[in-house]
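Residue numbers are given in the numbering used here: position 56 of the sequence shown equals residue 97, and the series is strictly consecutive. Using N, Cα and C, we set each Cβ at its ideal position, and we do this for glycine too. These numbers come from a predicted model, not from an experiment.
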Amino acid sequence: MTKLAKWHVEEILENFVLGGFPVKDDDRFLACSSILTSMIDTVEVDEPNKAFIFHTMSGSEYLCPFEDIRWTDRFAEFSKDNLERLNISRAFVDEAIKLAHEKESSFVAWLEKEIFNGDLFIEIGAGGILNVYFKYEDKVHRLSSQRHMGMFKDSYLYQLSGIVDFRHYEFIGGSVNTYHMSDSIKRLVVNNIGSRPVTIDNVVYKHGVTVTRITEENHPEGLISPDAFNGKSLLRDFMEGVDLLD
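Next up, the structure:
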């Protein structure tokens, strides 16, 4: 049975499917890869263990703890409506969303004690990034990702306006390259929750927490990202040498 984090239930062509991120590497999935299952067949509620068990038409089973439901408003509402249509009481989903908020608040409070201002905390596996947080002025902020569709390759942006900007390309075979980090990022604190190593900009991160200090030598400059906060793009470098007329 595959355990999922940040899971949700969505409707595709009048069928319900499960989306989420496997928390372990196995024969089918890399940890933290984003998946969509085949059609959901049945759902069980394991009330004592506070979890849902999803059975799909392909014969797969997925363990989805209450506290790991994707709790942001849009995904939470999708899951609530769709699970109700799968004959699951809204009370169970409300409890799941409540537990997920409590888990998030508890984790952020723990991070605020453990990491330093300027630390970018990345929860990661060989399949991708699960969560990103940044500590600024003694407070930890969760950063949501925005996918940018490129002509040749896609990229992912994590931003907090005027405070932090972190961008990377897609994962390929447990490896990823970044192309911009704002100067506000002083250290990468990488928690690899999977069993396989992950490579970020040629630095290998094994299972567990590894800290990398950002220096001039390993600081990506954002080659063409004129919209980037604190970006060092080709356009900006060019414009700095130009006198602009009113």
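About 7 Å separates the beta carbon of A141 from that of D109, a gap short enough to meet the 8 Å contact definition.
By the criterion of a C-beta distance shorter than 6 Å, V250 is surrounded in its chain by N232, once the five residues flanking it on both sides are discounted.
Taking C-beta separations shorter than 8 Å and ignoring five residues to either side along the sequence, the partners of F107 in its chain run K91, A92, F93, F133, E136, A137, L140, A141, following chain order. Taking I170 as reference, the option from R188, H49, N128 with the minimal CA-CA separation is R188. Under the three-state reduction of DSSP, L140 is assigned to helix. Per DSSP, the unbroken alpha helix (DSSP H) holding A117 starts and ends at 114–126. Scanning the region 55–110 from its first residue to its last, the whole beta strand (DSSP E) runs of 3-plus residues come out as 56–63, 76–87, 92–97, 102–106. Given a length threshold of 3 residues, each whole run of the beta strand (DSSP E) inside the region 197–240 is given here in chain order: 205–210, 219–222, 228–233.
F175 is bridged by DSSP to L161, H182. In the DSSP assignment, A167 falls outside any beta strand (DSSP E) and carries neither an H nor an E. The Cβ atoms of G215 and G159 lie no closer than 9 Å to each other. In the same chain as D82, and ignoring 5 residues on each side of it, the C-beta atoms closer than 7 Å to its own belong to H96, T97, M98, in chain order.
A straight line joining the alpha-carbon of S196 with that of H209 spans about 6 Å.
For V252, the closest alpha carbon among the candidates E164, T113, E85, I76 is that of E164. 9 Å or more divides the Cβ of A46 from the Cβ of G235. The three-state secondary structure of K44, taken from DSSP, is strand. Under the 10 Å beta carbon count, D206 is surrounded by 16 or more other beta carbons and is classified as buried. Just measuring C-alpha positions, the residue of M42, W151, V181, L77 sitting nearest L59 is L77. In chain order, D195 place their CB closer than 6 Å to the CB of E211, counting only its own chain and leaving out the 5 sequence neighbours on each side. By the 16-neighbour rule on beta-carbons within 10 angstroms, T256 is exposed. Out of Y103, D224, H248, S79, the CA that lies nearest to the CA of R254 is found in D224.
A straight line joining the alpha-carbon of V84 with that of R111 spans about 17 Å.
Beta-bridge analysis with DSSP links T251 to V231. In this structure, the straight-line span from the alpha carbon of Y220 to that of E52 is close to 35 Å.
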